[in-house]
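Okay, structure first, notes after.
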Amino acid sequence: MAADPNPSGGPEGGPGGGPRSGRYSYGRFYDGPDPLAPPFDLRSAMDELGRDVMEGTSPRQAMRELMRRGLGDQQGLDDLMRRLNERRSKLQREHRLDGTLQEVRELLERALEAERNSLQAEDSDDARFREMQLDALPPSPAGAVAELQDYDWRNAEARQAYEQIQDLLGREALDQRFQGMKQAMENATPEDVERVREMISDLNDLLEAHGRGEDTAEQFGEFMAKHGEFFPENPQTTDELIDLLAERAAAAQRMMNSLSAEQRAELEGLMQQAFGDPRLAEQLSRLDQQLQGMRPGEDWQGRGRFRGDDPMGMGEATRAMEELGQMDALAEQLSQSYPGARMEDIDLEALEATLGEQARVDAQRLAELQRELEEQGVFQRAADGSLMLSPKALRQLGQSSLRDVVGSLSTRRGERETQRSGAAGEATGATRPWSFGDTERWDVSRTLLNAEMRKAGGDVRDLDVSDVEIVETEQRTRAAVALCVDTSWSMVADGRWVPMKRTALALHHLVSTRFRGDALQLITFGRHAKEVELGELTALEGAWEQGTNLHHALLLAGRHLRKNIDAAPVVLVVTDGEPTAHLEPDGHAAFDYPPSPETLRATLNEVDALARLHAAMTVFMLGEDPRLEAFVDLVARRAGGRVVNPDLDGLGAAVVSDYLASRRRR
Numbered sequence: 000m001a002a003d004p005n006p007s008g009g010p011e012g013g014p015g016g017g018p019r020s021g022r023y024s025y026g027r028f029y030d031g032p033d034p035l036a037p038p039f040d041l042r043s044a045m046d047e048l049g050r051d052v053m054e055g056t057s058p059r060q061a062m063r064e065l066m067r068r069g070l071g072d073q074q075g076l077d078d079l080m081r082r083l084n085e086r087r088s089k090l091q092r093e094h095r096l097d098g099t100l101q102e103v104r105e106l107l108e109r110a111l112e113a114e115r116n117s118l119q120a121e122d123s124d125d126a127r128f129r130e131m132q133l134d135a136l137p138p139s140p141a142g143a144v145a146e147l148q149d150y151d152w153r154n155a156e157a158r159q160a161y162e163q164i165q166d167l168l169g170r171e172a173l174d175q176r177f178q179g180m181k182q183a184m185e186n187a188t189p190e191d192v193e194r195v196r197e198m199i200s201d202l203n204d205l206l207e208a209h210g211r212g213e214d215t216a217e218q219f220g221e222f223m224a225k226h227g228e229f230f231p232e233n234p235q236t237t238d239e240l241i242d243l244l245a246e247r248a249a250a251a252q253r254m255m256n257s258l259s260a261e262q263r264a265e266l267e268g269l270m271q272q273a274f275g276d277p278r279l280a281e282q283l284s285r286l287d288q289q290l291q292g293m294r295p296g297e298d299w300q301g302r303g304r305f306r307g308d309d310p311m312g313m314g315e316a317t318r319a320m321e322e323l324g325q326m327d328a329l330a331e332q333l334s335q336s337y338p339g340a341r342m343e344d345i346d347l348e349a350l351e352a353t354l355g356e357q358a359r360v361d362a363q364r365l366a367e368l369q370r371e372l373e374e375q376g377v378f379q380r381a382a383d384g385s386l387m388l389s390p391k392a393l394r395q396l397g398q399s400s401l402r403d404v405v406g407s408l409s410t411r412r413g414e415r416e417t418q419r420s421g422a423a424g425e426a427t428g429a430t431r432p433w434s435f436g437d438t439e440r441w442d443v444s445r446t447l448l449n450a451e452m453r454k455a456g457g458d459v460r461d462l463d464v465s466d467v468e469i470v471e472t473e474q475r476t477r478a479a480v481a482l483c484v485d486t487s488w489s490m491v492a493d494g495r496w497v498p499m500k501r502t503a504l505a506l507h508h509l510v511s512t513r514f515r516g517d518a519l520q521l522i523t524f525g526r527h528a529k530e531v532e533l534g535e536l537t538a539l540e541g542a543w544e545q546g547t548n549l550h551h552a553l554l555l556a557g558r559h560l561r562k563n564i565d566a567a568p569v570v571l572v573v574t575d576g577e578p579t580a581h582l583e584p585d586g587h588a589a590f591d592y593p594p595s596p597e598t599l600r601a602t603l604n605e606v607d608a609l610a611r612l613h614a615a616m617t618v619f620m621l622g623e624d625p626r627l628e629a630f631v632d633l634v635a636r637r638a639g640g641r642v643v644n645p646d647l648d649g650l651g652a653a654v655v656s657d658y659l660a661s662r663r664r665r
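If you count the sequence shown from 1, position 484 lands on 483 in numbering that gives the first Met the number 0, and the numbers rise without skipping.
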């Protein structure tokens with residue numbers, strides 16, 4: 000909102016509640032973002048961006064999709080585009096372009112009927128000759144109007160109707176090219192017509208000089224001083240004047256292109272009779288040719304299809320074509336499909352003029368949302384130059400994923416880690432009575448409060464051992480965690496891709512915020528296995544490849560555990576298929592289905608190696624494959640681990656729960 004002094008009305012008031020002479024009125028805030036607008040829900044926006052990226056959409060496309068959909072109650076570009084298309088369809092469905100031709104025909108019929116009635120009342124050879132002249136008129140309105148230019152009308156009403164045709168054609172021709180000229184030239188005198196013809200002649204001279212490369216600043220000033228009344232837009236330079244006229248002339252040409260060949264020929268012929276002076280048509284034709292040569296980039300070849308019942312005159316039809324051109328430009332801006340497209344490209348004033356104030360507000364809010372997301376650093380450049388989610392965005396997504404997981408772990412809320420007395424423990428926030436052998440520090444405030452409450456009951460002792468409370472601590476065990484996730488094509492095809500990524504996000508966020516001493520390694524495995532960062536996993540696109548190389552993944556998991564020999568080893572495997580590939584000594588991944596004995600032997604050897612490291616292994620089996628079930632049961636028995644068969648919605652909760660349980664057991 001913006002407050003402006005307004006002496007005419009409004010409540011009075013000043014600092015401290017005293018009277019004040021100024022009054023205020025309030026209007027829309029245009030100067031930058033509205034300071035009273037509600038803050039953006041960046042959390043929801045980041046969640047949507049992250050979801051699209053995890054489904055395989057590029058970050059740039061994910062941002063574009065967010066702008067298309069909008070956010071919550073905020074309309075997106077698709078809604079604005081739909082309204083724009085409805086507006087365009089309505090304009091073309093309700094109107095047609097031959098209004099001037101229709102009006103000329105009606106005036107011509109009125110003139111001829113009135114003239115014939117007068118001639119029939121006369122009994123003379125001259126009257127019969129005139130009737131023959133009228134009967135011999137060409138069938139086309141343009142030809143008939145031209146033939147009647149020198150006709151000496153006997154009937155005053157007929158003469159008036161014919162003059163209205165010439166006046167109408169002149170006003171429509173001018174209204175096509177100069178704003179408001181149709182109304183300004185109503186009941187125009189010959190002197191008015193001559194002033195307009197002189198203005199167009201001077202204008203053509205100005206444009207010719209400009210086209211030759213001459214400095215026309217002084218000539219332009221003289222032209223505007225003499226003819227400025229014809230240009231309410233108040234252009235400041237010759238180029239601004241040319242831009243203004245070329246846009247309207249191009250719309251007039253598109254209107255003519257939209258007519259049938261017969262209608263176009265009729266109008267071109269009629270224009271020679273504008274104001275009964277063919278010089279005006281000649282000057283306008285000269286003007287159009289110059290404008291087209293100076294601004295070839297305007298759309299001079301386009302056309303529109305109007306199929307309604309409401310006829311429009313030439314000036315009104317030209318404005319309709321201008322509006323269609325503006326809609327085309329807005330449609331391109333709203334599509335955001337061209338290189339380097341940004342929300343700031345949208346012409347807010349044109350959008351408001353076409354779709355109303357709310358459309359402007361929606362587009363402005365979307366632009367501000369895009370700018371805010373970019374300023375918050377949602378994306379960053381990867382080493383190869385591509386865009387990827389930034390660490391800040393990944394933290395946000397991880398927090399969101401973990402929040403969803405915690406919501407499904409309500410039975411575990413309030414549980415604490417394995418407790419243990421000792422100076423090396425960390426405070427839990429709770430206290431307990433002191434017992435013999437405890438070495439934790441006293442909670443002084445609780446101890447003194449206990450003593451005062453005891454004394455209030457009549458005990459005169461200042462302090463007793465029963466008053467003492469100590470700070471409760473817990474001993475935290477550091478863990479080395481390897482999360483191995485299957486990235487074979489079946490994970491994509493069966494809809495397990497995004498749940499897998501959200502699980503990794505949730506676990507990563509839990510470790511990085513709650514158990515910062517733990518070492519988490521993310522490992523993906525398809526035909527080969529690979530250690531990845533969270534951003535790489537989140538942006539990973541599903542690709543067709545054969546092979547589930549659990550052997551390679553467990554090799555990398557074992558390497559991670561051995562790097563952190565002082566930490567409790569935990570291995571979590573998420574897969575939907577039995578191993579069908581293993582790593583040869585030369586690094587080649589051998590694939591075979593059904594699994595070859597060599598693949599099974601190599602995989603189980605790595606399971607045994609992890610068991611020797613006393614790793615707590617859990618396999619999260621997705622789907623109901625009997626062969627996979629038999630294999631993972633064998634893995635669990637050999638590793639002393641366990642098998643979990645969660646549904647997709649419960650995968651994240653199952654993995655996080657198992658991780659926490661592993662830490663408690665340690």
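By construction, the Cβ of each residue, glycine as well, lies at the ideal position given by its N, Cα and C atoms.
- How big is the Cα-Cα spacing for Q289 and M62? 44 angstroms
- Are T537 and D485 touching if we call contact CB-CB under 8 angstroms? no
- Message: Taking its Cβ as the centre, do 16 or more other Cβ atoms sit within 10 Å of D517, making it buried, or is it exposed?
- Response: buried
- Query: Count the other CB atoms within 10 Å of the CB of W543; is the residue buried (16 or more) or exposed (fewer)?
  - Reply: exposed
- Query: How close, in whole Å, do the beta carbons of A580 and A567 come, if the pair is a contact with beta carbons under 8 angstroms?
  - Reply: With a Cβ gap of about 30 angstroms, A580 and A567 do not count as contacting.
- Buried or exposed: which applies to K225, given that a residue is buried once 16 or more other Cβ atoms fall within 10 Å of its Cβ? exposed
- Task: Under the assumption that L609 contacts M620 (Cβ atoms under 8 angstroms), give the Cβ distance between them as a whole number of angstroms.
- Result: About 18 angstroms; that fails the 8 angstroms criterion.
- Nearest-angstrom beta carbon gap, R306 and Q91 [assumed within contact, 8 angstroms]: 7 angstroms
- Task: Pull up the distance between the alpha-carbon of E451 and that of A503, whole angstroms please.
- Result: 51 angstroms
- Item | P594 versus A601: straight-line alpha-carbon distance, rounded | 11 angstroms
- Is it buried or exposed for S336, if we count other Cβ within 10 angstroms and need 16 for buried? exposed
- Message: For V642, report the span of its beta strand (DSSP E) as first-last.
- Response: 641-643
- Quick one: which unbroken alpha helix (DSSP H) runs of 4-plus residues sit fully inside the region 97-164? Chain order, please. 98-119, 124-134, 140-146
- Task: Measure the C-alpha to C-alpha separation of L529 and E351 and round it to an integer number of angstroms.
- Result: Note that residue 529 is Lys in the sequence shown here, rather than Leu. Computed Cα separation, rounded: 52 angstroms.
- Task: Return yes when the Cβ of I199 is within less than 8 angstroms of the Cβ of V103, no when it is not.
- Result: no
- Outcome for A507 when other beta-carbon atoms lying within 10 angstroms are tallied against a minimum of 16: Strictly speaking, residue 507 in this sequence is His, with Ala absent from that position. Classification for H507: buried.
- In the DSSP assignment, what are the bridge partners of I522? C483, E530
- Should the region 151-161 be called in touch with the region 113-125, which here means at least 3 C-beta pairs below 8 angstroms? yes
- Can you pull the DSSP bridge partners for D309? H94
- Secondary structure at W299, three-state DSSP: helix, strand or coil? coil
- Go ahead and label P645 buried or exposed: buried means 16 or more other beta carbons lie within 10 angstroms of its beta carbon, across all protein chains shown. buried
- Query: CB-CB under 6 angstroms to L136, same chain, minus the five flanking residues each way: which ones, in chain order?
  - Reply: A143, E146
- Message: Rounded to the nearest angstrom, what separates M270 and K181 at their Cα positions?
- Response: 15 angstroms
- Task: State the Cα-Cα distance for the pair D308 and E315, rounded to the nearest angstrom.
- Result: 15 angstroms
- For L205, which residues of its own chain have a beta-carbon under 7 angstroms away from its beta-carbon, when the five flanking residues on both sides are left out? T215, Q218, F219, F222, T237
- Message: Between which two residues does the alpha helix (DSSP H) holding H551 run?
- Response: 549-562
- Task: Please list, in chain order, all residues of the same chain as D632 whose beta carbon is under 7 angstroms from its beta carbon, the five residues on each side excluded.
- Result: V642
- Message: Just to confirm, is the Cβ distance from N203 to Q282 under 8 angstroms?
- Response: yes
- With burial defined as no fewer than 16 other Cβ atoms inside 10 Å of the residue's Cβ, what is the status of Q252: buried or exposed? buried
- Message: Across the region 430-448 and the region 464-471, are there enough close Cβ pairs to call them in contact, namely three or more that are closer than 8 angstroms?
- Response: yes
- Just the Cα atoms here: how many angstroms apart are H550 and G557? 11 angstroms
- Task: Using the Cα positions of A249 and M184, report the straight-line distance between them to the nearest angstrom.
- Result: 22 angstroms
- P189 (DSSP reduced to helix, strand or coil): helix
- Mind checking whether N256 and Q300 have CB atoms under 8 angstroms apart? yes
- Query: Going by alpha carbons, who is nearest to R636 out of L244, T617, L571?
  - Reply: T617
- Task: Specify the secondary structure class of M667 as computed by DSSP and reduced to three states.
- Result: The chain is shown from 0 up to 665; residue 667 falls before or after that span and cannot be answered.
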